[in-house]
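Chemist: Here it is, the structure, as structure tokens.
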Amino acid sequence: MKLRLLLAAALLIASNAFAAPPTTESVEQMFSLTKTESIMNTLYANLDNVMRSAINESLKGQKLTPKQQRALNALPARMAQVIREEFSWDKLKPVYLKIYQESFTQEEIDGLIAFYQSPAGVALVNKMPIVMQKSMAATQAQLAPMMAKMKAALDKAVAEIENECNE
13 MKLRLLLAAA LLIASNAFAA PPTTESVEQM FSLTKTESIM NTLYANLDNV MRSAINESLK
73 GQKLTPKQQR ALNALPARMA QVIREEFSWD KLKPVYLKIY QESFTQEEID GLIAFYQSPA
133 GVALVNKMPI VMQKSMAATQ AQLAPMMAKM KAALDKAVAE IENECNE
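Note that our numbering has the sequence shown beginning at 13, numbered continuously upward.
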């Protein structure tokens, strides 16, 4: 009995290992149904505001010269631009495609496509940007206090290092 179970398990594992990888077209269809590119663009659109808020919160209470303030004001847009360029859909799509083809079988991608074509799947895709926007706002609210704590920990570590060097 144990031998039969072991053989059945081995056959299941082996059959999954030889399952057909998904085609490029099917993965691209799934990306289209999930509006992956559009969702990424929405995330990037809010990026410099998120960074600006985090930077401002981490520097709260510090006096900056007008020159420092101008440089700081330009920083989030510059950083967001670099991120948009380096993580553009044109650059990420081949990477994601490979990951999906290595991670899913054709049957699994077909199942995902069927789901994303269903009313529940369409609702998920359509509501996800709102969910992500609210999630980012909630995360941003938590990010500012965390950044302040991280800055305090860094300042403390720098002070301790300076004290050790002065002894």
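Glycine residues also receive a C-beta, built at the ideal position from the N, C-alpha and C atoms.
Drop a sphere of 10 angstroms on the beta-carbon of residue 158, count the other beta-carbons inside from all chains shown, and report buried for 16 or more, exposed for fewer.
Modeler: The residue in question, residue 158, is exposed, as its Cβ has fewer than 16 Cβ neighbours within 10 Å.
Chemist: At which residue ranges does the stretch 84-117 contain complete alpha helix (DSSP H) runs of 4 or more residues, listed in the order of the chain?
Modeler: Qualifying alpha helix (DSSP H) stretches, in chain order: 101-115.
Chemist: Can you tell me whether residue 131 is buried or exposed, with buried defined as 16 or more other CB within 10 angstroms of its CB?
Modeler: Exposed.
Chemist: Evaluate contact between the stretch 74-83 and the stretch 32-47, counting only Cβ atoms and requiring at least three cross-stretch pairs below 8 angstroms.
Modeler: Touching, no.
Chemist: Would you report the Cα separation of residue 127 and residue 62, rounded to the nearest angstrom?
Modeler: Approximately 32 angstroms, taken between the alpha carbons.
Chemist: How far does the alpha helix (DSSP H) with residue 176 in it extend, from its first residue to its last?
Modeler: 131-178 is the extent of the alpha helix (DSSP H) around residue 176.
Chemist: So the alpha helix (DSSP H) residue 59 belongs to, where does it begin and stop?
Modeler: Run containing residue 59: 59-70, per the alpha helix (DSSP H) assignment.
Chemist: Please confirm if the stretch 113-121 is in contact with the stretch 97-105, defined as three or more CB-CB distances below 8 angstroms between the two stretches.
Modeler: Result no; under three Cβ-Cβ pairs closer than 8 angstroms.
Chemist: Excluding the five sequence neighbours on either side, which residues of its own chain have a C-beta within less than 7 angstroms of the C-beta of residue 46, listed in chain order?
Modeler: Counting only Cβ-Cβ distances below 7 angstroms, and skipping sequence neighbours, we find 128, 137.
Chemist: If contacts are defined as beta-carbon pairs under 8 angstroms, then residue 66 and residue 149 qualify, I think. What distance do you get, rounded to the angstrom?
Modeler: That belief does not hold up - the Cβ atoms of residue 66 and residue 149 are roughly 12 angstroms apart, past 8 angstroms.
Chemist: What number of angstroms, rounded off, separates the C-alpha of residue 86 from the C-alpha of residue 77?
Modeler: C-alpha separation (whole angstroms): 14 angstroms.
Chemist: Using a threshold of 9 angstroms, state whether the C-beta atoms of residue 160 and residue 75 are closer than that.
Modeler: No; because the gap between Cβ atoms is not below 9 angstroms, this pair is not in contact.
Chemist: Have a look at 41, 146, 113 and flag the residue whose alpha-carbon is nearest the alpha-carbon of residue 54.
Modeler: The option with the nearest alpha carbon to residue 54 is 146.
Chemist: Specify the secondary structure class of residue 77 as computed by DSSP and reduced to three states.
Modeler: Residue 77: coil per DSSP, three-state reduction.
Chemist: What's the gap between the Cα of residue 90 and the Cα of residue 41?
Modeler: Looking at the two C-alpha atoms, the distance is approximately 33 angstroms.
Chemist: Leaving out five residues before and five after residue 51 in sequence, what residues of the same chain have Cβ atoms less than 8 angstroms from its Cβ?
Modeler: Once the five neighbours on either side are set aside, the close Cβ partners of residue 51 are 140, 141, 144.
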